[in-house]
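Enquirer: Heads up: the sequence shown begins at 1226 in this note's numbering, then just goes up one per residue.
We put the beta carbon where it would ideally sit given N, CA and C, even for glycine.
In this text the structure is predicted, and so the values were computed from the model without any measurement.
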Amino acid sequence: MPAHTPKTPIDPKAAGPMLRYQTNLPKLPVPELQETLPKYLKTVRPLLTDEEYKRTEEAVKQFIAPGGLGHELQRRLVARANNPNVVNWMEDWWLDQAYMGYRDPVVVYVSYFFAYKDDKLRKAPAQRAAAITTAALEFKKMVVEKTLEPEYAKGEPMCMDSYKYMFNNCRIAHKPSDLKGTFDPFKNTHIIVIRKNKFYFVDTVYNGKQLSTKELEQQFQRVINDAGDIKGIPVGVLTSENRDKWCDYRDELLAANPANKQIIDKIESSSFVVCLDDSSPFTRDELVRACWHGDGRNRYFDKSLQFIVFENGKAGFMGEHSCMDGTATCRLNEYVCDGLARNLIKHGSEQVRSSIPQPVQLQFVLNPNVEKAIETAEKDFEQLINKHEMTVLTYNAFGKNLIKKFKCSPDGFAQMAIQLAYYKMFGTSRPTYESGQTRKFQRGRTETCRSVSDESIAFVKAMEDHSIKTEEKIVKLRAALKAQGQYMAAAVNGRGVDRHLFGLKNSLKEGEEKPALFTDYAYSYSSHWYLSTSQLSSEHFDGYGWGQVVDDGFGVAYMIKNNALQFNVASVKDLEVHGKKYINGTHRFKQALEEACDDMRDVLLTELPAQAKL
């Protein structure tokens, strides 16, 4: 709960406390052209040569000229935003173009993961899986009964609409754009457990009463025993394919035998999936790779929620991203991990009812066509993951507590460390995306915070110039932090550049010529995210990440803990940027990040009185 009463009025007719502010949240605004276009020019200026910038200025001038197409596109976009039948002008376009219509595989490119810290009390996989399941079901109950307290930012409530896509949901492969499948959470009380590539149906309710943690542990152990040592044909790997190919394979699978439709229905309608992997990742790098994609077979990548438990008791989570952003699932996973760590979860009776039925293996009936598709998907998956690398920097020298003593924004600090690291490695700054959430608006999702600014470039150059005094470096750092903070504040208020331009571009009618603004080099280059970055933090996670969005860039997911920073770096294995090859690119960048954090700390420590350094 926030410290003060939110300004947003409560809806007395709301379906439950979780949605009490929902109908009164503001709608996502459409900024004025006069606000967005100067801001756009400001963000591209540091990235362009004088010649390129002149062309961009000209394209903006044409776009905003009286009677030009820019004003007409703005008029159309405002009309869409004001349409009483449209809750959020961006929602459908974004869902289709950023997610459902996107044809690359979800694994590596779209899905994300959290890796959990070890649970000292629960080392056996069945035991850990059972505890996680009980905690997740407790959270499900609050979501479906709408009793979960809303989230707040700066004392104001956030949109809770996306929670309806959390449990009993699935993305469904379809052409030209995937579909979302939402199923009754009260009727579908089962989960799906995958072990040795075999799918098991486990109902979490028996005789009207939810299974206790002890009873769930028995069910997981039964699955482990029944699955044995021999791996099944990995039907799940089909979900790792290109979406059009998976759509065709799905049709083949359904046509092979009527029983297959019933199985797919059971998987898609389940509360969530629990993957009991037979691998034992040991290092952080092994754990994040295992959570990010595993071997591609013991998964069903279309499910919104997959909890993963490994043979050695390590665990994590994988989320399908299309209908829900990471802030909601971060809260779910934080609830699970924190509740278990602090013993707040109600585990039920220690007595196990003897009559609980065995888990049921769901056996697909395959034919040669489907078996061939599975073989193809396995090969494609191996090729896909062999092209990528990921590594973790766990930086234990300091975290949020010291950064606050430096009177810096922790998020801004991490962003500037990323900028400095990139400059150390490449000698230049390039377009950077930081995710900002717009959930203060009805059905808001994200907006881009463009992290590169004139100020950030002045800062990284100063840091690497040994002739510049420490005091001057600090001044430049604080200016860069201020610029990043101001842009992020605008972004979360729906006043960034990228989504507005996206809306204007989508307001073009078929056959209309694209304005020069959208064909100009700066438009594509400034949103080619060489650095795609995002922060979600939990003291209970030991990793969080996803893949890079361009093959000549990095995906950098980071966590800011009280006394540590953690960066998860992903890229293609044979990284090539502007014609130059970087072998071990992620490891080089990780080293540069560590040096950047050290350098920034050393500079800022000169300002702190001695006792504050402790």
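Determine, using beta carbons only, whether residue 1548 and residue 1731 come nearer to each other than 9 Å.
Expert: Not in contact: residue 1548 and residue 1731 (Cβ atoms no closer than 9 Å).
Enquirer: Within its chain, find whatever has a CB closer than 6 Å to the CB of residue 1410; leave out the 5 residues flanking it on each side and keep chain order.
Expert: Taken in chain order, the residues that qualify are 1369, 1392, 1393.
Enquirer: State the DSSP-derived secondary structure class of residue 1381, mapped to helix, strand or coil.
Expert: Note: residue 1381 maps to strand in three-state DSSP.
Enquirer: Please go through the same chain and pick out, in chain order, the residues whose beta-carbon is closer than 6 Å to the beta-carbon of residue 1704, but skip the five residues on each side of it.
Expert: Cβ neighbours of residue 1704 beyond the five flanking positions: 1680.
Enquirer: Using a 10 Å radius around the Cβ and a threshold of 16 neighbouring Cβ atoms, would you call residue 1498 buried or exposed?
Expert: It counts as buried.
Enquirer: Grab me the residues of residue 1469's own chain with a C-beta within less than 7 Å of its C-beta, minus the 5 sequence neighbours each way, in chain order.
Expert: Only 1328, 1400 meet the Cβ criterion.
Enquirer: Taking the alpha-carbon positions, what's the residue 1261 to residue 1721 distance?
Expert: Their backbone Cα atoms lie some 7 Å apart in a straight line.
Enquirer: Run through DSSP, which three-state label would residue 1322 get?
Expert: Three-state DSSP puts residue 1322 in a helix.
Enquirer: How close, in whole Å, do the beta carbons of residue 1495 and residue 1415 come, if the pair is a contact with beta carbons under 8 Å?
Expert: About 5 Å; that satisfies the 8 Å criterion.
Enquirer: Distance, Cα to Cα, residue 1762 vs residue 1683?
Expert: The alpha-carbon atoms of residue 1762 and residue 1683 are separated by roughly 29 Å.
Enquirer: May I have a chain-ordered list of the alpha helix (DSSP H) segments no shorter than 4 residues that lie completely inside the segment 1690-1719?
Expert: With a minimum length of 4 residues, the continuous alpha helix (DSSP H) runs that stay inside the segment 1690-1719 are 1695-1717.
Enquirer: Mind listing, in chain order, the continuous alpha helix (DSSP H) runs of no fewer than 4 residues lying wholly within the segment 1377-1447?
Expert: The qualifying runs do not exist here; there are none.
Enquirer: Helix, strand or coil, according to DSSP, for residue 1583 in the structure here?
Expert: Coil at residue 1583, not helix or strand.
Enquirer: Compute the Euclidean distance between the alpha carbons of residue 1253 and residue 1246, then round it to the nearest angstrom.
Expert: Answer to the nearest angstrom: the Cα atoms are 15 Å apart.
Enquirer: Would you call residue 1346 buried or exposed, if buried means 16 or more other Cβ atoms sit within 10 Å of its Cβ?
Expert: Answer is exposed; the Cβ neighbour count stays below 16.
Enquirer: In terms of DSSP beta bridges, what is residue 1795 paired with?
Expert: Answer is 1615, 1780, bridged to residue 1795.
Enquirer: Quick check: the Cα distance between residue 1775 and residue 1581, rounded to an integer number of angstroms?
Expert: Rounded to the nearest angstrom, the two C-alpha atoms are 49 Å apart.
Enquirer: For residue 1599, which residues from the same chain have a beta carbon less than 7 Å from its beta carbon, with the 5 sequence-adjacent residues on both sides left out?
Expert: Cβ within range, chain order: 1458, 1459, 1460, 1462, 1463.
Enquirer: For residue 1304, count neighbouring C-beta atoms within 10 Å of its own C-beta (all shown protein chains included) and say buried if the count is 16 or more, exposed if not.
Expert: Under this definition residue 1304 is an exposed residue.
Enquirer: Would the beta-carbon of residue 1706 fall within 9 Å of that of residue 1688?
Expert: No, the pair does not count as a contact, with Cβ atoms beyond the cut-off.
Enquirer: Using 8 Å as the threshold, is the segment 1609-1625 in touch with the segment 1794-1802, meaning 3 or more CB pairs across them?
Expert: Touching, yes, given that three or more Cβ pairs across the two stretches are closer than 8 Å.
Enquirer: Cα-Cα, which of 1673, 1515, 1543 is closest to residue 1528?
Expert: Looking at the Cα atoms, 1543 is the closest of the given residues.
Enquirer: On a Cα-Cα basis, can you pick out the residue from 1226, 1424, 1825 that is closest to residue 1381?
Expert: If we check each option's Cα against that of residue 1381, 1226 comes out closest.
Enquirer: Take residue 1766 and list the residues in its own chain whose beta-carbon comes closer than 6 Å to its own, dropping the five residues that flank it on each side.
Expert: The answer, listed in chain order, is 1339.
Enquirer: With DSSP collapsed to three states, give me the class of residue 1770.
Expert: Note: residue 1770 maps to strand in three-state DSSP.
Enquirer: With a Cβ-Cβ cutoff of 9 Å, do residue 1656 and residue 1284 count as a contact?
Expert: The answer is no: Cβ separation not under 9 Å.
Enquirer: Any idea if residue 1746 is buried or exposed, counting beta-carbon neighbours within 10 angstroms, 16 or more meaning buried?
Expert: So residue 1746 ends up on the exposed side.
Enquirer: Closest Cβ-Cβ distance between residue 1581 and chain B: below 9 Å?
Expert: As a matter of chain content, chain B is missing from the structure shown, which is built from one protein chain.
Enquirer: Check whether the Cβ atoms of residue 1622 and residue 1826 lie closer than 9 Å to each other.
Expert: Yes, the pair counts as a contact, with Cβ atoms nearer than the cut-off.
Enquirer: Is it right to say residue 1440 is buried, meaning 16 or more other beta carbons lie within 10 angstroms of its own, or is it exposed?
Expert: Buried, since its Cβ has 16 or more Cβ neighbours within 10 Å.
Enquirer: DSSP on residue 1516, reduced to helix/strand/coil?
Expert: Reduced to three states, the DSSP call for residue 1516 is helix.
Enquirer: Less than 9 Å separating the beta-carbons of residue 1699 and residue 1828?
Expert: Result yes, Cβ atoms of residue 1699 and residue 1828 sit closer than 9 Å.
Enquirer: Measure how close the beta-carbons of residue 1324 and residue 1333 come, nearest whole angstrom, since I'm counting them as under 8 Å.
Expert: 15 Å between Cβ atoms; not a contact.
Enquirer: Grouping DSSP H, G and I as helix and E and B as strand, with all else coil, what is residue 1337?
Expert: In the structure shown, residue 1337 sits in a strand (DSSP, three-state: E or B).
Enquirer: Quick check on the DSSP output: the beta strand (DSSP E) that includes residue 1500 runs from which residue to which?
Expert: That run of the beta strand (DSSP E) goes 1498-1501.
Enquirer: How big is the Cα-Cα spacing for residue 1376 and residue 1276?
Expert: Taking the straight line from one Cα to the other gives about 46 Å.
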